[in-house]
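Residue numbers (the numbering used here): 403 to 871.
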RNA sequence: GGCGACAUGGCCAAGCGGUAAGGCGAGGGUCUGCAAAACCCUUAUCCCCGGUUCGAUUCCGGGUGUCGCCUCCA
């Protein structure tokens, strides 16, 4: 069993990872709040989780991967203020929260599929687990970590001395740092809602021991991870922005119930930047996969782009960069697919090279998911003149990379002649005749004309090939 | 104000004590009527100043700059 090293936010170190139960990994990923389309920034994090899961499986481990769908309780502010995001969006669109959640859940998985993000083993919706959450809140209160106010049930962070361990925040300093006082009846500034009492007109609400209401945002992850993975599982993943509040709160809640930190390893993906700065709604630079597609970039080019940088470093998205990634991915596929078609048998030299490359690849991904290095190995493999041996090797690598290297579109896909518009076909024919007559000036001008129409013509030994630009 | 991160060639980025992976782009060449494709070659001393060390991009200290979270957001 090869050694796997992962950076654990909890200890701020790279540690060797071994599942608590030999051979079986239990992993939880904070899923989307389904009130909007997920952006490419969101997906950077999900690509990271996916690569993690694939890496574990590549190492021969079986992975139970749980992902939540937040369809209730995530307020407009993470700090328990404002409206419920899903409910607010529903009001805007004049739909029910359930319709909104369903729509954006499907949109999320459609995009995730396009990115070759494997479906989690278990996908769980918050609204399907209200009783689990209520039970957990009851337990927290019974254990003395919660208290009731007119607003709802709060978690009392002062009862959990370890609060802040994950993010390294110091509560006292935070408070001294003077966040403007919020009008609330909570005891400590960092206390957060476990359960919120709902006014009559609130659409999504459930019966509870504290009257009608709905769950706080953080409790769903604690309740559902516990339900499916137990009191303490192996890995918890999410975006880096979740460290200070969401994951801190999750840890506190779970601790209040089980006396354990719910996950042994906490892994966080860094942000995607746009033009060197943040991507935000207010700056109007939030891009979706569809926005990339509209400019001709395939979803997997974005995946390749993400893999080109380490998950714990900020990745700067620019149109130049994604263009480079698209070209790179197509080029890699072209290289691989061409090599794979070559004839011949596998030589001993090739076999040895394959073993070397495989080892280098494994070492890279097992070193805290060093995908940039792994990609460099793939390029080396593609250029190593391995002949037919390359096929199995690349298929093997692609189990982790998920880039459709053997099957995806390579450079300059040829256009089927029969599907060309008549006008284009006529010009091609005219050009072929001009060439036969060695009328190069005419041939060149026709090629230019075709280019303007969106078709690139290249001459090959006994004819020409047409590709769409 | 609190917390955290980063600064590597035109761009996206690995490496993190022994004089810099990879991709994109660019330049040159082979091939081609020309072009394209393909192939070959070329393309950085790592923000600045100190220190530790035989030796630092890599460690420490100090600058400068950028970015993120604490409010929308992965």
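The beta-carbon is built from N, C-alpha and C at its ideal position, and this holds for glycine as well.
Tell me residue 467's beta-bridge partners as DSSP assigns them.
BP columns for residue 467 point to 429.
Between the CA atoms of residue 445 and residue 457 - distance to the nearest angstrom
Rounded to whole angstroms, residue 457 to residue 445 spans 18 Å at the Cα level.
Bridge partners for residue 638 per DSSP, in chain order?
430 and 668
Going by the beta-carbon positions, is the gap between residue 527 and residue 486 smaller than 9 Å?
Between residue 527 and residue 486, the gap from beta carbon to beta carbon reaches 9 Å or more.
When 782, 535, 859 and 662 are compared against residue 832, the one with the closest alpha-carbon
859
Between residue 597 and residue 555, is the Cβ-Cβ spacing less than 9 Å?
yes
Looking only at C-alpha atoms, which of 723, 698 and 700 sits nearest to residue 710?
723
Would you say residue 521 and residue 412 are within 9 Å of each other, going by their C-beta atoms?
no
CA-CA distance, residue 788 and residue 648?
48 Å
I believe residue 852 touches residue 826 by the beta-carbon criterion, under 8 Å. Please report the beta-carbon distance rounded to the nearest angstrom.
The beta carbons of residue 852 and residue 826 sit about 7 Å from each other, so the pair counts as a contact at 8 Å.
Considering residue 874, what are the terminal residues of the beta strand (DSSP E) in which it resides?
No answer is possible for residue 874: it lies beyond the span of the chain, which begins at 403 and ends at 871.
Please check the pair residue 540 and residue 599, which I expect to be a contact at CB under 8 Å, by giving their CB distance rounded to whole angstroms.
With 8 Å as the limit, residue 540 and residue 599 do not qualify as a contact, their Cβ atoms being about 15 Å apart.
For the beta strand (DSSP E) containing residue 597, list its first residue and its last residue.
594–599
So, at 7 Å on beta carbons, what are the nonlocal neighbours of residue 772 in its own chain, with the 5 sequence-adjacent residues on each side left out?
712 and 766
Leaving aside the five residues before and after residue 741 along the sequence, list all residues of the same chain whose C-beta is less than 8 Å from its C-beta, in chain order.
784, 787, 788, 789 and 792
What residues match up with residue 611 in a beta bridge as DSSP calls it?
613
Using the C-alpha atoms, what's the distance from residue 404 back to residue 635?
21 Å
State the Cα-Cα distance for the pair residue 839 and residue 845, rounded to the nearest angstrom.
10 Å
With distances taken Cα to Cα, identify the nearest neighbour of residue 718 among 698, 675, 565 and 503.
Ranking the options by Cα distance to residue 718, first place goes to 675.
Going by DSSP, what residue range makes up the beta strand (DSSP E) through residue 865?
865–870
Helix, strand or coil for residue 460, going by three-state DSSP, please let me know.
helix
Under DSSP, the beta strand (DSSP E) around residue 915 begins and ends at which residues?
In this structure the chain extends from 403 to 871, so residue 915 is not present and cannot be described.
Can we say the region 686–699 touches the region 651–671, given the rule of at least three CB pairs closer than 8 Å?
no
Give me the Cα-Cα distance between residue 549 and residue 592, rounded to the nearest whole angstrom.
14 Å
Go through its chain and collect everything with a Cβ distance to residue 610's Cβ below 7 Å, but skip five positions before and after it.
536 and 597
Suppose only complete runs of 3+ residues qualify. What are the beta strand (DSSP E) ranges in the region 794–871, listed by chain order?
857–862 and 865–870
Quick check on the DSSP output: the alpha helix (DSSP H) that includes residue 780 runs from which residue to which?
In the DSSP assignment, residue 780 falls within the unbroken alpha helix (DSSP H) covering 773–784.
Just to confirm, are residue 645 and residue 666 a CB contact at a threshold of 9 Å?
no
Contact check, residue 873 vs residue 658 under 8 Å by CB: the rounded distance?
With the chain running from 403 to 871 in the structure shown, residue 873 is simply not present.
Counting only runs that start and end within the region 508–557, where is the alpha helix (DSSP H) found for 4 or more residues in a row?
532–544
Are the CB atoms of residue 738 and residue 796 within a distance shorter than 9 Å?
The beta carbons of residue 796 and residue 738 sit closer together than 9 Å.
Taking all protein chains shown into account, do 16 or more other C-beta atoms lie within 10 angstroms of the C-beta of residue 685, making it buried, or fewer, making it exposed?
exposed
Whole angstroms is fine: what's the gap from residue 829's alpha carbon to residue 729's?
29 Å
Who are the near neighbours of residue 551 in its chain, counting only those whose CB is closer than 6 Å to its CB and skipping five residues on each side?
587
For residue 511, the nearest candidate out of 559, 496, 464 and 433 (CA to CA):
433
Alpha-carbon spacing of residue 509 relative to residue 820, whole angstroms
35 Å
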